[in-house]
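**Q** Sharing a structure here in structure tokens format.
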Amino acid sequence: MDEKKLKVPVPVEGVAGGRLNLPCDITSPISDDEVYLVLWYKDEVATPIYSLDARRGPLGQARHATNEPLTGRAYFSSIPQPAVLQIDKVSLEDEGLYRCRVDFRKARTQHSALIVSIAGEYISAAVVVVYGRLVDVSNTFGTVL
Numbered sequence: 001m002d003e004k005k006l007k008v009p010v011p012v013e014g015v016a017g018g019r020l021n022l023p024c025d026i027t028s029p030i031s032d033d034e035v036y037l038v039l040w041y042k043d044e045v046a047t048p049i050y051s052l053d054a055r056r057g058p059l060g061q062a063r064h065a066t067n068e069p070l071t072g073r074a075y076f077s078s079i080p081q082p083a084v085l086q087i088d089k090v091s092l093e094d095e096g097l098y099r100c101r102v103d104f105r106k107a108r109t110q111h112s113a114l115i116v117s118i119a120g121e122y123i124s125a126a127v128v129v130v131y132g133r134l135v136d137v138s139n140t141f142g143t144v145l
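For the sequence shown, the positions run 1 to 145 when full-length UniProt numbering is used.
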């Protein structure tokens, strides 16, 4: 059986415009093991949206690479337990299924899945009346009061 398909996605909620922390356990079941590679995927896209490559050195000196849609908004931090992919300036487009894959030097590859939902919605009108005043709400999230 495919172990990856057996895991139930963990729900994670974020707020539009804020920061989202997506946890990924990078702890090996083998005590003297090392993380070699961490790959993040979104939805059914085959190309990673984020990667951390420690195959050529220690984890603290690993190479980070970000692809769309996270370019300039994401960073993987291995300091907290569990490690997290931090995504800034979260928007409704960030909703979806995220998968974290961790490759180790000795242990088998680990997979985890998260289902992300974002609170807040786009305001469709460019200008609204709030307490008798016209307010420009272009590119605004949530309620305007």
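We put the beta carbon where it would ideally sit given N, CA and C, even for glycine.
This one's a predicted model, so the numbers in the text were calculated from it and none came from an experiment.
Would you mind reading off the limits of the beta strand (DSSP E) that contains alanine 119?
**A** That run of the beta strand (DSSP E) goes 110 to 119.
**Q** For glutamate 95, write down the residues that DSSP places opposite it in a beta bridge.
**A** Beta-bridge pairing links glutamate 95 to no other residue.
**Q** With a threshold of 16 other CB atoms inside 10 Å of the CB of arginine 105, please say whether the residue is buried or exposed.
**A** Its Cβ having fewer than 16 others within 10 Å, arginine 105 is exposed.
**Q** So, for threonine 109: in the same chain, excluding its five sequence neighbours on each side, which residues have a beta-carbon less than 7 Å away from its beta-carbon?
**A** Once the five neighbours on either side are set aside, the close Cβ partners of threonine 109 are Arg101, Val102 and Asp103.
**Q** Based on the DSSP secondary-structure assignment, which residues constitute the bridge partners of tyrosine 75?
**A** Its beta-bridge partners are Gln86.
**Q** In the DSSP assignment, the beta strand (DSSP E) including glutamate 13 goes from what residue to what residue?
**A** Per DSSP, glutamate 13 belongs to the beta strand (DSSP E) from 10 to 15.
**Q** Does DSSP put leucine 52 in a helix, in a strand, or in coil?
**A** Looking at leucine 52 - three-state DSSP - the assignment turns out to be strand.
**Q** Distance, Cα to Cα, leucine 97 vs alanine 113?
**A** About 7 Å.
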